[in-house]
Every structure is written in C-alpha cells, then in structure tokens.
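Taking it in order: structure first as structure tokens, then the write-up.
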Amino acid sequence: MSNSATTKTAISPRREDDFPEWYQQVIRAAELAEPSDVRGCMVIRPWGYGVWENMQRQLDAMFRATGHRNAYFPLFIPLSYFAKEAEHVEGFAKECAVVTHSRLEADADGKLRPASALTEPLVVRPTSETIIGASYAKWVQSYRDLPILINQWANVVRWEMRPRLFLRTTEFLWQEGHTVHETEAEARAEAKLILDLYERFACEHLAVPVFTGEKSESERFPGAVQTLSIEAMVQDRKAIQAGTSHFLGQNFARASGIQFQNREGKQEFGWTTSWGVSARLVGTVVMMHGDDDGIILPPRIAPTQIVILPVTPREEARAAVLEACDKLAEQLREARYVDLPIEVEIDRREIGGGAKNWEWIKKGVPLRVEIGPRDLEENSVELSRRDQPVKQKQSMLMKEFVARAPEILRSIQQNLYDRAKQFADANTRVIGSKEGFYDFFTPKNTAKPEIHGGFALAHWSGSRKVEEQIKNDLKVTIRVIPLGDSEPGRCIFTGEPSPCQVVWAKAY
RNA sequence: CGGGCUGUGGCUCAGCUUGGUAGAGCGCCUGGUUCGGGACCAGGAGGCCGUGGGUUCAAAUCCCACCAGCCCGACCA
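Shown next, in the form of structure tokens:
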C-alpha cells in the first residue's frame, strides 16, 4: 500500500509533484532565507546564514592549509579597469550594476534624485580579476615575489534575469581566490589543486558527490584558458555547478600589467588563476538532501547538530526534566565531532511538543533528542535521526548516547553521502548512440517535463556545432569533460574520432 | 529582455463576469481544557484589496500605465 499518498508531509507540494515549488517552500519552512523587497535579492536568515558560516569556516581552513591568505579588495571597479580584458567584458557587460552618481538632491517636488555625476563610472564587482590584478601589478616585480596566493570573502553583483533563492540572485556571497605564478605548470597545478579541494569539501563536508572535469570552450569563464568545475546531480536529476577553478593563462596578467623579472632576467607576464564557490552551495544542499518534510542538513554544516527537546507533560516534572537536559547538553558539548565541540541546543519554548518537533524536522537538524519524565526514571533518551523516517524513534541509555553521539553524527553524514551517491550512480548512463541519447533526455511524461534521464556519458569529438545542436534540441549541455585516463571512441552524433566520453545533462 | 499566468491581513486563497462600506482557513494574541507528538474550545488583534492615473454618485471589482512575483525561452556561481 502506498502510505505516501495519505501521509501528511510538512512540505507541499512534494518533490515529485513540483520540484521548483517544493524547493522554495523548503527554504521558507526551514527559515533559511526569504525574498526581499529588492528585486532579485534575498534576506538570508540566521539558520541559513549559519549553514553558510560553517561552510565558510571549513573552506577557509582548507585554503589556509594550502598556503592561501585572506585579503579584501574594493567593491567598486573603475570602468577603465574592467574594460581591459576583452572577453571578460563581453561575458559580464550585460549583467553589470553601474554607479554613476555620488549624491542625492531633492528636486522641485521634493523627490530625491541622483546628482553629482562621477567622472568615471564604477562597476559593482561581478567578480574581481581586474581590480585585484591592478594591485598585483604593483606587488609583483620579481619571480621572488611569486606565487601570490590570496582569497577574498565577498559579495558580488550580477544583474541576472531570473533570480532563484540561493541558486541565482542579483547579489550573492562567495569566495574568490586569485593567484599569480611564475610558470604555466605551477598555475595549472594550482587550478587543479583547488578543484580537488572543492571536490573533497563537497564530498566530505556537504555529503555531495560530484563529477569533476574541464568545461568545454562554450562554457568557459570569460577570459579563461581553462575552466575546471565540480558538478552535482540534485534530486530532479539536473546538474548544478557547485564550484569552478580557472587557469587564466597570461590573459589577465597582460591586461593588468602583472609582470616580473624571471630567473633569466627577462620581463615576463605572470600566470594567474581564479576560483570560487558561492552560497549557491546552500541551495545545492537543499536540493540534494531535502525530503518532503524539509531539509536534511549534513551534520558537518548544521548550525545545530543536536537539539534537545524537553517533554514536560506535567508541570511538576518540568524542573527535573530541564535540569537533565542541561546536564546532557553539557556532556555532549564536551564530546568532539570532527575535532570540534558538538553544537547542541535545548529548545525550552513553551509550545506544543508536536509543533516544536516539526519545526526542527523542517529545519533539518541531524539529531533530535527527547527527554521526559519516563526517561528520567530510566536514565534514557529518545533519539530521532533526520535521515530516517519521522516516526522512527530509538531509546538509548543517556550514558551510552553521550558516548556514541559523535559516531551517530558520523553515521548520518555518511548515510547522506551514500544515498546521494547511489542516486547519482543510478541515474548516470553510458550512452552509445544518438537515438539512445535523445531518448534518454526526452521526458516520458509530458506533464512533468523536468523528469528525464539524468547524466549521460557519451563520446564527443569536440565539435562546437554538435554541442549547440544538442543544446537547442534538448536543452542538454556538456557539464564536464573528465580529466585523466580515457578510452578513445567515436562521437555518437557524427562518428568522428573522440578522445573521451563527456558528461551531459540539463543544468541549473 | 520576449511569451504566458498571478498580485486581496504573516501564509494559502474566495470575492471581480453582473461596481454598492472586506471574507474564509491556517498562523498570531488571551483564557481554559490538554500534552511522549504538528491538539481542542471560547474570545481577540490584524487589510489605504501591488502602485499611479482614469471612468462613475460610488471601484478589490471596469479601463490605461507602471511595478513585483511565478512558469517557459536567451544568460549565469
């Protein structure tokens, strides 16, 4: 019997009925974020920001460990700087916010109007290659000044047409690394190092398995020589680009005048890279792990990993229950999960126990712990794992729970990853013919056009024309060209020789 | 930026065709009964009906413009 048809879920619609709407409802129900009155911009609420802060903290440690240091560069980029790299301009010109005035004045009707035009308009950074390049040009004189390994945590603005909470907003939070190297090989190695770092972060911290590789020319960052990317498959089987790392060659060095005297005493342009991930990762986690009752946060990035819910059916038991909660919280905070104290919160609010429980379910807290009078008598607690069905509860001795909490969190983290990996594997196919390819990406149910095959691995000769044709016909693009060993074959569309299979999918 | 749909208390929406002083459910507040599960009963607060203009004695309702949101395209982290 299909229980799911009758069971009430916290989020409606369900994923299978309307995935985009489900996504929005989850974000609202979990109090991650909400749309603001400013077109295309969002308010990130404490719960959502807490997730981002955890991602930030953990990535930051990884950057530091690989020799990078943080710095901060201006939000405003003089138009003339921005104009230096031709492809870069072409790529970003259509989505730039531009500051042209420096003052407001009241007109005759008392309405405020911009006044005092700037001599040179300022572009609000859509990315910072050019403004950072201007500084690097001053800092770099000799090969002894290299490498420069800097990261910046910042907001950027891209005037997008269709905003979506976390996935595509006009202003967004991200991290952008910008490095300069003495040789091409070093710069290429840096881009690859960061790609691997992003992959590790996605898998181990976000429980998000990814496909990695190089972008085709048409999907490359404007001005880059090579763009590397990690791509995840979310639950509607679409791909989401979760992080990119670019080898920029000498293009931006040339544009910004980043030159140094090399070991032979000759002037040479530096070799640069840039790389970034954004708060889009929060949206990725929602679409990756969420269910019809809300989000499910991987323990490593959950702002609260364990919530303690006092059960106080009788007023006279209240004090004793709360005391036991405090004691448990204290003990749990002394335990370590991935080398950090466990984040514990006691929810003392006096609202109905059921309602309270559901709030935390929707917010995706990995582990809920109930303590009531009966538990006090038996020195036990009732556990509910967010990665298991809502009604499923497990009783455990308090002492045992304290000892096992880190292990349980690890198990949840692992389970989320395994599930996601299994889903991605189950919906990834090697495809050997054009017909098979078109069939794979053609929706079987016209009422739900978003449901299609998933990811396809297929040979492609490198023809841009084929790429365009597929995009026009099916809205399917090459997500990545895998790096490393590959079996040559024949392009399934043209029969031409192909060096390797590439990953195809519909994308966010 | 093009095409379609939609803007009415915090949320979901009814009312609009046939103009006549603003409604429901959920949520919120108060009191009570409950309490190992999103409880129940009673009372209450909350809305220049997206904005501006027009038609009219009278506009949530009709007309025009604008703005915003969603879905579909082009673009993107």
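In this note's numbering, the protein residues as written are 206 to 713.
Using N, Cα and C, we set each Cβ at its ideal position, and we do this for glycine too.
Remember, it's a predicted structure, so these values are computed and weren't measured experimentally.
Item                                                                                                                                                                           : Value
I need the boundaries of the beta strand (DSSP E) containing glycine 641, first residue and last residue.                                                                      : Looking at the DSSP string, glycine 641 is not in any beta strand (DSSP E); the run it does join, the alpha helix (DSSP H), is 639-645.
Starting from histidine 293, follow the beta strand (DSSP E) in both directions and report where the run begins and ends.                                                      : No beta strand (DSSP E) contains histidine 293, which is instead part of the alpha helix (DSSP H) from 291-297.
Quick one: what's valine 708 bridged to in DSSP?                                                                                                                               : Leu662 and Val685
Could you check how far apart the C-beta atoms of threonine 477 and serine 450 are, in whole angstroms? I think they sit under 8 Å.                                            : In fact, because the Cβ distance is near 12 Å, the residues do not count as touching under 8 Å.
Is the CB-CB distance between asparagine 456 and valine 482 below 8 Å?                                                                                                         : no
Leaving out five residues on either side along the sequence, give the residues of the same chain with a beta carbon under 7 Å from the beta carbon of alanine 234.             : Ala215, Ile216, Gly499 and Lys567
Do arginine 219 and aspartate 497 count as a contact pair if the criterion is CB distance below 8 Å?                                                                           : yes
Quick check: what's the CA-CA separation for arginine 591 versus glutamate 575?                                                                                                : 14 Å
Rounded to the nearest angstrom, what separates valine 595 and aspartate 552 at their Cα positions?                                                                            : 18 Å
Using DSSP bridges, identify the partner residues of glycine 694.                                                                                                              : Ser703
Indicate whether the contact test is met: 3 or more Cβ pairs, each with one atom in the stretch 352-363 and one in the stretch 268-275, closer than 8 Å.                       : yes
Residue ranges of each beta strand (DSSP E) run of no fewer than 3 residues wholly in the stretch 577-603, ordered along the chain?                                            : 585-590 and 599-602
Of the choices Pro648, Leu402 and Phe474, whose alpha-carbon is the least far from that of leucine 679?                                                                        : Pro648
Determine the DSSP secondary structure at arginine 538, reduced to helix, strand or coil.                                                                                      : helix
Within the same chain, show all residues whose beta-carbon is closer than 7 Å to that of serine 209, passing over the 5 residues directly before and after it, in chain order. : Residue confidence is low: serine 209 scores 35 on pLDDT, short of 50, so the model does not pin down where it sits. Its coordinate-derived value is still stated next. Here the set comprises nothing.
How would you write the range of the alpha helix (DSSP H) that asparagine 456 sits in, first residue to last?                                                                  : 456-461
Which residues does DSSP list as the beta-bridge partners of glutamate 310?                                                                                                    : Arg318
Under three-state DSSP, which class holds glutamine 446?                                                                                                                       : strand
How many Å lie between phenylalanine 698 and alanine 629 at the Cα?                                                                                                            : 24 Å
With DSSP as the reference, identify every bridge partner of alanine 511, one or two as the case may be.                                                                       : Sequence check: residue 511 is isoleucine here, not alanine. DSSP lists Val549 and Leu572 as partners of isoleucine 511.
At what residues does the alpha helix (DSSP H) containing arginine 269 begin and finish?                                                                                       : 251-270
Short of 6 Å in beta carbon distance, which residues of its chain neighbour tyrosine 542, apart from the five on each side in sequence? Order them along the chain.            : Pro611 and Leu614
Looking only at its own chain, which residues have a Cβ that is under 7 Å from the Cβ of arginine 393, when we skip the five neighbours before and after it?                   : Phe452
Candidates Ile675, Lys676, Ala661 and Gln674: which alpha carbon is nearest cysteine 705's?                                                                                    : Ala661
Hey, would you say methionine 247 sits closer than 8 Å to threonine 332, going by beta carbons?                                                                                : no
Taking the alpha carbon of isoleucine 501 as the point to measure from, which residue in Arg442, Asn620 and Leu327 has its own alpha carbon closest?                           : Asn620
Starting from serine 285, follow the alpha helix (DSSP H) in both directions and report where the run begins and ends.                                                         : 284-287
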